[in-house]
Amino acid sequence: MRSFSFILSLLFLTSVSAQEIQMSETASLEQIYGEVQEAEELLPMNELGIEFGYALYEATITAEEENPVLMVENVRDYAAVYVDGKLQGWMTEEKKAIPLRVLAGKHTLQLYAENIGRITYGPEILDNSKGLFGSITLSDTEIGNWRMIPLAVRDCAVGELTFAPQTDGGRPCFYKGTFTVEIPADTYLDVSGWGMGEVWVNGHYAGSYWEQNAQQSIQLPAETLQKGANSLTVFELKSNGKRTMRLSDKAIFN
C-alpha cells in the first residue's frame, strides 16, 4: 500500500507540479465593459454602481513638457497607470504622484483602479469612498472630461470570453492556457513574477494575487481539477510581460 501511494505521489509530482503553463491566448478587457459614464470630474466607485472590484478612468491629456507629473487627491485603494497603452507605474493612497514617461503633446491616460476592500469599523468608515476622486492634475493643471467604466472582472463568465492567439498589446487583459492532469490532487499555482490580478480554473474562480503579498501562490483543491485537459484563465492588471505560470506541490512565498 505504501509503495502504491509513493507511485501515485510520483505521478502527481511529475505530471502536475512540474508543469509550466503557457498563457498563449488573450481576450480583451473591452468584452466586459459596463455602462460608460462621462463627467468633468472623477467619480468614486459607489457613484459608478461598483461595490468592489475594478473601474477604468480614461481621459485625453496634453503634456506641455516631457515627463510631466500626474497627481491624484484620493486613490482608494490601488491604480495602475497607463499612457497610450503602456504601463507607467501605479498609485496608492501613500503614493499619489507619478512622473509620466511621455513627450510633449496629446496622449490617452487610462487609470485602472481596484477597490481592495471596504472599512467596516473605526472613524474612517465615515469616508469609505473607493476608486479615484477629488482633484487630479498633470503638472498642476486639472484634468477633466473623464470616461469612467465599471469592470466586472470577478463576476464575469470567463468561459464566454472570446480568446485569440496572444498579441503583446501591453494593456490589462485576460490570458488563457491549458494544462494536463492525470490524477487530480491538491496543488498550488505559482504566480510569482506576475503583477496583480485574478485566476479561474475550468471556469471557476480560484483567487487573486498581488506581487506585494507574502504568498505568491493560489491553492487549487483537487475538486477544482479534472482528469485530462484543464483550462487556466488569468486577468492581469499590470501587464508586465510575464506569459507563463507554473504548478507547484507547495505554497510559494516571497
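Numbered per mature numbering (1 follows the signal peptide of the UniProt record, and there is no 0), the sequence shown spans residues -18 to -1, 1 to 236.
Note that the Cβ used here is the ideal one computed from N, Cα and C, for glycine as well.
Just so you know, these numbers come straight off a predicted model, no measurement behind them.
For Asp172, the pairing in a beta bridge is given by DSSP as Ser199 and Arg228. Nearest C-alpha to Glu2 among Asn236, Gln148, Ser230 and Phe235: Ser230.
Checking the DSSP bridge columns, you'll see Gln4 partnered with Thr226. For the pair of segments examined, the region 162 to 169 was found not to touch the region 130 to 144: the number of CB pairs separated by less than 8 Å stays below three. Taken atom to atom, the span from the alpha-carbon of Val183 to that of Thr8 is near 15 Å.
For Phe235, there is no enclosing beta strand (DSSP E), as DSSP marks it with neither H nor E. If you draw a straight line from the Cα of Pro26 to the Cα of Thr162, it comes to about 43 Å. Where Ala62 is concerned, the enclosing beta strand (DSSP E) starts and stops at Tyr60 to Val65. Taking Ser213 as the centre and dropping the five residues before and after it, the same chain places the C-beta of Thr160 and Asn184 closer than 6 Å to its C-beta, in chain order. Short of 6 Å from the beta carbon of Tyr15, and not among the five residues preceding or following it, lie these beta carbons of its own chain, in chain order: Ile131. In this model, Leu120 and Pro50 are separated by some 6 Å (Cα to Cα).
Classified as exposed, Val18 has fewer than 16 neighbouring CB atoms from the shown chains inside 10 Å of its CB.
Using a Cβ distance threshold of 9 Å, Ser190 and Ile234 do not count as a contacting pair. Out of Ile98, Gln70 and Leu52, the CA that lies nearest to the CA of Ala79 is found in Leu52. Rounded to the nearest whole angstrom, the C-alpha separation of Glu20 and Glu55 is 19 Å.
Classified as buried, Thr215 has 16 or more neighbouring CB atoms from the shown chains inside 10 Å of its CB.
In this structure, the straight-line span from the alpha carbon of Ser221 to that of Ser199 is close to 18 Å.
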